[in-house]
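Counting along the sequence shown from 1, when you hit position 591 you're at 596 in the numbering used here, and nothing is skipped either side.
No residue lacks a Cβ here, since even glycine has one placed at the ideal position from N, Cα and C.
Here the structure is a predicted model, which is why all the values come from computation and not from measurement.
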Amino acid sequence: MMEIVLKDGSKMQFDGPVTVGDIAQAISPGLARVAVGALVDGDVKGIQDTVTGGQVQILTFDDPAGKKIFWHTASHILAQAVKRLFPQAKLAIGPAIDTGFYYDFDIEPAFTQEDLTKIEEEMAKIVKEGYPLERYTLPKDEALKAEEGEPYKVELIQELPEGEIISFYKQGEFTDLCAGPHLSSVKGVKAFKLINLAGAYWRGDEKNKMLTRIYGVAFPKKSMLEEHLKKLEEARERDHNRLGRELGLFTTVDVIGQGLPLLTPKGAKIIQVMQRFVEDTEEEWGYQLTKTPVMAKSDLYKISGHWDHYRDGMFIMGEEGKDEEVMALRPMTCPFQFMIYKSEQHSYRELPVRYSETSPLFRNEASGEMHGLIRVRQFTLADGHIICTPEQLEKEFTDTLHLLQYMMRSLGIEDDIWYRFSKWDPTNIEKYIDNPPAWESSQRIMKGILDKIGLDYIEADGEAAFYGPKLDVQFRNVHGKEDTIITLQVDFALAERFDLYYVDQNDEKQRPYIIHRSSIGCYERTLAMLIEKYAGAFPVWLAPEQVRVLSITNRSDGYIHDAVKKMRKRGIRVASDLRNEKIGYKIREAQMERIPYVLIVGDKEVTDGTVAVRRREEGDIGAMDLDAFLELIDKEIEEKK
């Protein structure tokens, strides 16, 4: 007799091992119709996989893990269609991802958009043919023979240990090396769409061959696909990489290089507004401003550990062993600020010491990873470090979290972020400083602080900085890709590496704790997030142009000139449009540029000493005295609505 425990705690008994599909059918025929797999003791299993006991949660397409099973099967349907139409194509990998699936192919010439239509049609035929997915296994030597002619599959198999039993999935005439899991049949994939094409280096290494990647998405119902495609279109409308260029916020130029965007006056103005806000706020919160070099000798990075753990991500000038000074652009600010702390002795009475800096940083991102303003090779970080006693750590970390939460509220994105407690991977000694007791201690301390605060967070192994655990503030762009916007880190290693200390009450030297933190993150990435959040219609306090004054005739030019001068003296970012164009045309143009306030001045307004006010969200809100309008907008800017 075999027993399983369901998600609600209830138990079921079977005469012996059964499949996931059998369990779903035993629970209810309705569940069996929509089941795609199960979590069995936390492991994802396909609908046809055997269960011998344990805790079982049946998965449907509504579950994230269920979507992955569904989309993984769709990727095999895609590969089968490609091999039918383009038998010369070599298969690489085809996983499910958070937003659908993709498959990488080695084919010359690369696929075109026209090819995608043909492939979709062939996929529809395969689904109609309704093949079951059949799993079987082979020993390594037989698996290698089976994949002759597929060099990428052979490479993957060769890396597996000797004696490994390797699984394959077969559907009709098509077979693929795969660990699964999958649906029981291709006929469940009723609605799908191939979204786009991209280049992708084999295994993400730019030294390898560039493959052609086909992205797609699939659903159990056509209506679900239609709704998804509608959302994709909305996402494209908000994509900062498109919208930011259309609104004239930034641009890129091939001869300058990938990942090196140029911020136009409008984009630079938004960054400047955010930077002034951050620096003024941090000063109020007790931070001291520093300014440090953008490069240093390799000696500094060897002390910090970046040379050993982060060298591939750095821009290095010079070559070691050639009697020349090897320099590197900084990927982090911390070593420089530690040297400022180290330049004089500190008593416990002076701690905490809080340093902040607006830091240009440089990271050698792979070309395939860069995207608009989200991932670039040069960026500007609202960086900072707190050096404190052990007794001060909890309060300082909590205050740092409250500061970044205040920043997120001011930007209006507090509901678009979530928190990830990023821990080390003890099996990856090369990536992290090898000090297990220190890792366990620092992670225990940090988790204790987060739990005491009552913060809602997820945990992630293998995402820590090389010198300590961190709290990451996560967000997704409009296409669903997850990125980190801000990090707070507890550092157990660098105080010792840099020989940082303070003198305690007994005149003895003690190692301080270090908190690495940002308050608003990377300005460029935050700007990208704001473009997408507001679809370019920034809150008044952030808008590069807050007011535009439009003339109806040139008789009002002098009045407008005086009004603009008065607003600029009040710190309002204002421009005038005195062109000899129809007023309707000028209004539409200002609307397209997402200007928060448009003031219209004609003969009547000049006579009455007023302005006709249009608010971006509401349209015409009537005429008012200029001073009354200034009070209105000043209040809105001050409150950061």
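Distance from the CA atom of V41 to the CA atom of G51, rounded to whole angstroms, is 7 Å.
Put simply, the backbone Cα of G563 is about 17 Å away from that of V552.
Boundaries of the beta strand (DSSP E) around I219: 215 to 224. Per DSSP, the unbroken beta strand (DSSP E) holding I392 starts and ends at 383 to 393. Close CB contacts of Q293 within its chain, under the 8 Å cut and outside five residues either way in sequence, are with V358, R359, Y360, S361 (chain order).
In this structure L455 is not in contact with F497, their Cβ atoms being roughly 17 Å apart against a cut-off of 8 Å. Y141 and D466 have their C-alpha atoms roughly 32 Å apart. Judged by DSSP in its simplified three-state form, D608 adopts helix. The DSSP-derived three-state label of A498 is coil. In this structure, the alpha-carbon of V381 lies about 8 Å from that of R368.
Taking M375 as the centre and dropping the five residues before and after it, the same chain places the C-beta of Q263, G264, V381, R382 closer than 8 Å to its C-beta, in chain order.
Taking 8 Å as the upper bound for CB-CB distance, I490 and F480 are in contact here, some 5 Å apart. By the criterion of a C-beta distance shorter than 6 Å, D430 is surrounded in its chain by D466, G467, once the five residues flanking it on both sides are discounted. The alpha-carbon of K192 is positioned some 56 Å away from that of S309. Close CB contacts of R599 within its chain, under the 6 Å cut and outside five residues either way in sequence, are with G541, A542 (chain order). Remark: C-beta atoms of P22 and V56 approach each other more closely than 8 Å. With fewer than three CB-CB distances shorter than 8 Å, the region 572 to 590 does not count as touching the region 611 to 630. Within the DSSP bridge table, the entry for L96 names F110 as partners. Contact between G204 and T217 holds: CB atoms are separated by about 7 Å, below the 8 Å threshold. Residue pairing by DSSP places A196 opposite F224 in a beta bridge. Fewer than three pairs of CB atoms, one per stretch, sit closer than 8 Å, so the region 101 to 113 makes no contact with the region 129 to 147. Close CB contacts of L36 within its chain, under the 7 Å cut and outside five residues either way in sequence, are with A29, I63 (chain order). Comparing alpha carbon positions, the residue from I434, E127, L96, L409 closest to W423 is L409.
When secondary structure is reduced to three states using DSSP, V45 falls in the strand class. H314 sits in a helix when the DSSP states are folded into three classes. Within the same chain, S303, Y306 come within 7 Å of W312 by CB-CB distance, once the 5 residues on both sides are set aside. In the DSSP annotation of this structure, C183 is not part of any beta strand (DSSP E), being labelled neither H nor E.
Per DSSP, the unbroken alpha helix (DSSP H) holding G249 starts and ends at 245 to 251. The continuous alpha helix (DSSP H) containing E147 extends over residues 145 to 151. A direct Cα-to-Cα measurement between L199 and A97 gives close to 18 Å.
Contact between A333 and A301 is confirmed by a C-beta separation of about 7 Å, below the 8 Å threshold.
Boundaries of the beta strand (DSSP E) harbouring T363: 358 to 367, taken from the DSSP string.
In summary, H81 is buried, with 16 or more beta-carbon neighbours lying within 10 Å of its beta-carbon over all protein chains present. Inclusion of G417 and R522 in the CB contact set at 8 Å is not warranted, their separation being larger than that value. Counting C-beta atoms within 10 angstroms of its own C-beta, P442 has fewer than 16 neighbours from the protein chains shown and is therefore classed as exposed. Per DSSP, R619 is one residue of the beta strand (DSSP E) stretching across 615 to 620.
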